[in-house]
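K.L.:
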Amino acid sequence: MAEQPTEGKPPAAHKPRPPAKPPAAMASTPWEDELTEALRAKFQDRIAEFSAYLGQKFLVAHPDAVAPIIEHLKLEFGFDYLVDITAVDYPERAERFELVYILYSFARNERIRIKTRIKEGQRAASVVGLHPTANWLEREVYDMFGIEFAGHPDLRRILLPEDWTGHPLRKDSSILDMDNRWVKEHLGIESGQ
Amino acid sequence: MPDGTFLDATELVLNMGPQHPSTHGVLRVILKLDGEKVIGTECVIGYLHRGVEKIAENRTYPQFAPYVDRMDYVAAVSNGLGYCLAVEKLLGVEVPPRAQAIRVILTELNRIASHLIWLGTHALDVGAITPLFYCMREREEILNIFEKYCGARLTTHAFRIGGLQYETYDTFESDVRAFCDMFLPKVDEYEELLTGNRIWIGRLRNVGILNAEDCKAYGVTGPLLRAAGVKWDLRKAQPYSGYEQYDFEIPTGTRGDSYDRYLVRIQEMRQSVRIIRQALDGLPGGPIMGKVPKVIKPPVGEVYVSIEAPKGELGYYIVSDGSTQPYRVRVRPPSFVNLQALDKMCRGALVADVVVVIGTIDIVLGEVDR
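From first to last, the protein sequence lines are chains A and B.
Take 1171 as the starting number for the first sequence in our numbering and just add one per residue.
Take -17 as the starting number for the second sequence in our numbering and just add one per residue.
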């Protein structure tokens, strides 16, 4: 599907917030336990960081390592419930998107997040084979951010119409621009907003 | 999908919805049929997509709170609770015990209201008209309590970040107690109508089976997971808002079919009454608002907080960049995730069973589409 995020005007004109500064770092603390040791032994430098913030644990991994980590956690540590997949857009970063996987283990009653950073146009590996629930979740991420998942059985838009242009949850996709474009296309007038 | 159809007939594609009344809103299901048998389904969703997550990025934290009510609008109080808990966690705000207890009372009332809507419409879909009127009658009492408490009946915006805006009204406790006393015998009445009813059992038993393994694979939570025999409820597993103080059971089923889900939800309504009564008995005094700064600016960070909404795990993943507006709000909707298992539950069933399965998942399209 040919997707081009064509905004009518440069987004700066309508940006609701001042140009985003690179956000300050999160005051996270290191996360060390038997789980991090086992993961570090297996994946070594492909996991860049083990941290916790407000008592919630997360790790930052290399994009290629995400699917193997999720598989390893599922098979060896009982993280059998993929709660959610989502993304966050940081347009000023070189690796623009942060993909976030939330995993839960019923046996351990523990929730962890796996984060990875990918560039614009880079494809992430699909985890539908491991967790069927990822099917719609990955479709939604694709729909909203334009991140493609390699190996997804049916990567189409899910919430937006098929002929929609752009990916609305990207930071450079402004609500007013979307509205102006719609009014111009369908009503043939300037929306005046 | 099986290769050949029965008698090598051509596969029939039937469109169901989005205006079909049994799809509970604007769900469109494309059915692939072999005669009367379903050999595949595909959901087409998004008709009610309003871009809630995008709106969040353009509002301040308190400004966004009313929007969450419009996702699962039959359980608006639960939505509000999840959002407030997430922002409070980011801010590090303590909610006073009185506010926590009142939150529990209202949330459990809302759980009953949500289950009543489910029971009434589900029974109506299956052909039993009477339960709908009974359920609406009792739900009205709950909505009256909401209206007296905060002025709104459906999209209540009952909670604020840090606690509550309103103290309870004068007869709140007696009203809620009167509702509890009135409601339990009514649940018995619903059961008299349905539990032993041959048609009800015939339509629901062994329909839409989803076992525990499939539930976990598809991320299905809430009554569907419990009906499959998994004793898992976030109110017990990871208690929030003081749920650890209350004594209640997690009802479970064994077969994971539509009938077990019915039994689980009926039991959950009774358990909710039990929680409400305990919360009323031990209702503490004191303030109803924690120490919240005038301008809500959480420090840079991110948090995922989830609650046991009537339909399953409702989560909020919020990323703060240190400003007054959230950098990103992700809602993990139970209806959306649970609906994905529809295909699994419908394969091999009859067309009429699809209606039962849609009903038994208990979706609200406002939450599926957001």
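All residues carry an ideal CB built from backbone N, CA and C; glycine is no exception.
For a contact meaning CB atoms closer than 9 Å, what does residue 1276 of chain A contact in chain B?
P.N.:
Taking the first residue of the first sequence as position 1, residue 1276 of chain A is located at position 106. Under the 9 Å cutoff, chain B gives 198, 212, 214 and 219.
K.L.:
State the beta-bridge partners of residue 289 of chain B as determined by DSSP.
P.N.:
Here the question's residue 289 of chain B lines up with position 307 in the second sequence. Paired residue(s): B/296.
K.L.:
Could you run through the region 63 to 74 of chain B and flag, in chain order, every residue whose CB is less than 7 Å away from some CB of chain A?
P.N.:
For the region 63 to 74 of chain B, which is checked against every Cβ of chain A, the residues closer than 7 Å are 71.
K.L.:
Listed from N- to C-terminal order along the chain, which residues in the region 1302 to 1316 of chain A have their beta-carbon within a distance smaller than 9 Å of any beta-carbon of chain B?
P.N.:
Listed by position along the chain: 1302, 1303, 1304, 1305, 1306, 1307, 1310, 1313 and 1314.
K.L.:
Flag this pair as yes or no: are the beta carbons of residue 1288 of chain A and residue 1233 of chain A separated by less than 7 Å?
P.N.:
Within the first sequence, numbered from 1, the residue matching residue 1288 of chain A stands at position 118. Within the first sequence, numbered from 1, the residue matching residue 1233 of chain A stands at position 63. Result yes, Cβ atoms of residue 1288 of chain A and residue 1233 of chain A sit closer than 7 Å.
K.L.:
So, using beta-carbon positions, are residue 275 of chain B and residue 38 of chain B closer together than 7 Å?
P.N.:
Along the second sequence, read from residue 1 onward, the residue named residue 275 of chain B stands at position 293. Along the second sequence, read from residue 1 onward, the residue named residue 38 of chain B stands at position 56. Taking 7 Å as the Cβ cut-off, residue 275 of chain B and residue 38 of chain B do not qualify as a contacting pair.
K.L.:
Only counting the same chain, and skipping five residues up and downstream in sequence, which positions put a Cβ closer than 6 Å to that of residue 1230 of chain A?
P.N.:
Against the first sequence, residue 1230 of chain A aligns to sequence position 60. 1218, 1219 and 1285.
K.L.:
Name the two residues that bound the continuous beta strand (DSSP E) containing residue 1256 of chain A.
P.N.:
Your numbering for residue 1256 of chain A matches position 86 in the first sequence. Start and end: 1251 to 1259.
K.L.:
Which first and last residues belong to the beta strand (DSSP E) in which residue 1226 of chain A is found?
P.N.:
As a first step, residue 1226 of chain A must be located in the first sequence, where it is residue number 56. 1226 to 1231 is the span of the beta strand (DSSP E), which, as asked, contains residue 1226 of chain A.
K.L.:
Can the beta-carbon of residue 302 of chain B be found less than 7 Å from the beta-carbon of residue 330 of chain B?
P.N.:
Translated into the one-based positions of the second sequence, residue 302 of chain B becomes position 320. Translated into the one-based positions of the second sequence, residue 330 of chain B becomes position 348. No, the pair does not count as a contact, with Cβ atoms beyond the cut-off.
K.L.:
So, with DSSP's three-state summary, where would you put residue 343 of chain B?
P.N.:
The residue labelled residue 343 of chain B in the question sits at position 361 within the second sequence. Residue 343 of chain B: helix per DSSP, three-state reduction.
K.L.:
Just the C-alpha distance for residue 364 of chain B and residue 123 of chain B, rounded to the nearest angstrom, thanks.
P.N.:
Here chain B covers residues -17 to 352 and nothing more, so residue 364 of chain B does not appear.
K.L.:
For residue 16 of chain B, name the three-state secondary structure that DSSP assigns.
P.N.:
On the second sequence, position 34 is the one that residue 16 of chain B refers to. It is a strand residue.
K.L.:
Could you tell me which residues DSSP pairs with residue -3 of chain B in its beta bridges?
P.N.:
As a position in the second sequence, residue -3 of chain B is number 15, starting the count at 1. Paired residues: B/12.
K.L.:
From residue 1180 of chain A to residue 1326 of chain A, what distance separates their C-alpha atoms?
P.N.:
If you number the first sequence from 1, residue 1180 of chain A lands on position 10. If you number the first sequence from 1, residue 1326 of chain A lands on position 156. Here residue 1180 of chain A scores only 48 on pLDDT, less than 50, and its place in the model should not be relied on; the value that follows carries that caveat. Whole-angstrom Cα-Cα distance: 27 Å.
K.L.:
Just mark residue 1197 of chain A as buried or exposed, buried being the case when its beta carbon has 16 or more other beta carbons within 10 Å.
P.N.:
Counting from one through the first sequence, the residue named residue 1197 of chain A turns up at place 27. When all chains shown are included, residue 1197 of chain A counts as exposed.
K.L.:
For a test of the three-state rule: what should DSSP assign to residue 1176 of chain A, helix, strand or coil?
P.N.:
Residue 1176 of chain A sits at position 6 when you count from the first residue of the first sequence. Confidence at residue 1176 of chain A is low in this model, with a pLDDT of 48, below 50, so its placement is unreliable and no value can be given for it.
K.L.:
Can you find a C-beta in chain B that's less than 7 Å from the C-beta of residue 1338 of chain A?
P.N.:
Position 168 of the first sequence holds residue 1338 of chain A. With 7 Å as the cut-off, residue 1338 of chain A counts as an interface residue toward chain B.
K.L.:
According to the neighbour-count rule (16 or more other Cβ atoms, all chains shown, within 10 Å of its Cβ), is residue 1200 of chain A buried or exposed?
P.N.:
Here residue 1200 of chain A refers to the residue found at position 30 when the first sequence is read from its first residue. Residue 1200 of chain A comes out exposed.
K.L.:
Write down the C-beta distance between residue 80 of chain B and residue 162 of chain B rounded to the nearest angstrom, noting that I regard them as a contact closer than 8 Å.
P.N.:
Here residue 80 of chain B refers to the residue found at position 98 of the second sequence. Here residue 162 of chain B refers to the residue found at position 180 of the second sequence. About 19 Å separates the two Cβ atoms, so there is no contact after all.
K.L.:
So residue 250 of chain B is in the alpha helix (DSSP H); what residue range does that whole segment cover?
P.N.:
Reading the second sequence from its first residue, position 268 is the one you call residue 250 of chain B. Run containing residue 250 of chain B: 240 to 263, per the alpha helix (DSSP H) assignment.
K.L.:
Identify, in the order they occur along the chain, each residue of the same chain with its Cβ nearer than 8 Å to the Cβ of residue 1173 of chain A, setting aside the five sequence neighbours on each side.
P.N.:
Here the question's residue 1173 of chain A lines up with position 3 in the first sequence. Because residue 1173 of chain A carries a pLDDT of 47, less than 50, the predicted location of this residue cannot be relied on, and the following value inherits that uncertainty. Taken in chain order, the residues that qualify are 1316, 1335, 1336 and 1337.
K.L.:
Please list the residues of the region 1237 to 1269 of chain A that have a C-beta atom closer than 7 Å to any C-beta atom in chain B, keeping them in chain order.
P.N.:
So the close ones are 1250, 1251, 1252, 1253, 1254, 1256 and 1258.
K.L.:
Give me the residue from B/201, B/103 and B/24 with the minimum Cα distance to residue 338 of chain B.
P.N.:
Looking up residue 338 of chain B in the second sequence gives position 356. Comparing Cα positions, the closest option is B/103.
K.L.:
Is the Cβ-Cβ distance between residue 9 of chain B and residue 347 of chain B less than 7 Å?
P.N.:
Counted from its first residue, the second sequence places residue 9 of chain B at position 27. Counted from its first residue, the second sequence places residue 347 of chain B at position 365. Contact: yes.
K.L.:
For a test of the three-state rule: what should DSSP assign to residue 5 of chain B, helix, strand or coil?
P.N.:
If you number the second sequence from 1, residue 5 of chain B lands on position 23. Residue 5 of chain B: helix per DSSP, three-state reduction.
K.L.:
For residue 320 of chain B, is the classification buried or exposed, using 16 other Cβ atoms within 10 angstroms of its Cβ as the cut-off for buried?
P.N.:
On the second sequence, position 338 is the one that residue 320 of chain B refers to. Looking at its Cβ environment, which holds 16 or more other Cβ atoms inside 10 Å, residue 320 of chain B is buried.
K.L.:
Please list the partners that residue 1279 of chain A has in chain B, where partner means a Cβ-to-Cβ separation under 8 Å.
P.N.:
Your numbering for residue 1279 of chain A matches position 109 in the first sequence. Here the neighbours are 219 and 220.
K.L.:
With 9 Å as the C-beta to C-beta threshold (strictly closer), list the residues of the region 310 to 326 of chain B near chain A in chain order.
P.N.:
Those residues of the region 310 to 326 of chain B that come within reach of chain A (Cβ to Cβ, closer than 9 Å) are 310, 312, 314, 318, 319, 321, 322, 323 and 326.
K.L.:
Kindly say whether residue 36 of chain B, judged by its beta-carbon, lies nearer than 7 Å to any beta-carbon of chain C.
P.N.:
The chain inventory of the structure shown lacks chain C, comprising the protein chains A and B.
K.L.:
So residue 77 of chain B and residue 272 of chain B are supposed to be a Cβ contact under 8 Å. How far apart are they, rounded?
P.N.:
To locate residue 77 of chain B, count along the second sequence from 1; it is residue 95. To locate residue 272 of chain B, count along the second sequence from 1; it is residue 290. That pair is a contact at about 5 Å.
K.L.:
Quick check on the burial criterion: 16 or more other C-beta atoms within 10 angstroms. Buried or exposed for residue 1177 of chain A?
P.N.:
Stepping through the first sequence from its first residue, residue 1177 of chain A is reached at position 7. Residue placement at residue 1177 of chain A is flagged as unreliable, the pLDDT there being 47, under the threshold of 50; the coordinate-derived value follows with that caveat. Label assigned to residue 1177 of chain A: buried.
K.L.:
With DSSP collapsed to three states, give me the class of residue 1182 of chain A.
P.N.:
As a first step, residue 1182 of chain A must be located in the first sequence, where it is residue number 12. Because the pLDDT of residue 1182 of chain A is 48, which lies under 50, any placement of that residue in the model is unreliable, and the number read from its coordinates should be weighed accordingly. Helix, per DSSP.
K.L.:
Are the C-beta of residue 1271 of chain A and some C-beta of chain B separated by less than 7 Å?
P.N.:
For this step, residue 1271 of chain A is matched to residue 101 along the first sequence. Closer than 7 Å: no.
K.L.:
Considering only the alpha carbon of each residue, which of B/345, B/290 and B/279 lies closest to residue 71 of chain B?
P.N.:
The residue given as residue 71 of chain B occupies position 89 in the second sequence. It is B/279 whose Cα lies nearest to the Cα of residue 71 of chain B.
K.L.:
Measuring CB to CB, does residue 1248 of chain A end up less than 7 Å from residue 1277 of chain A?
P.N.:
By 1-based counting over the first sequence, the position of residue 1248 of chain A is 78. By 1-based counting over the first sequence, the position of residue 1277 of chain A is 107. For residue 1248 of chain A and residue 1277 of chain A, yes; Cβs fall inside 7 Å.
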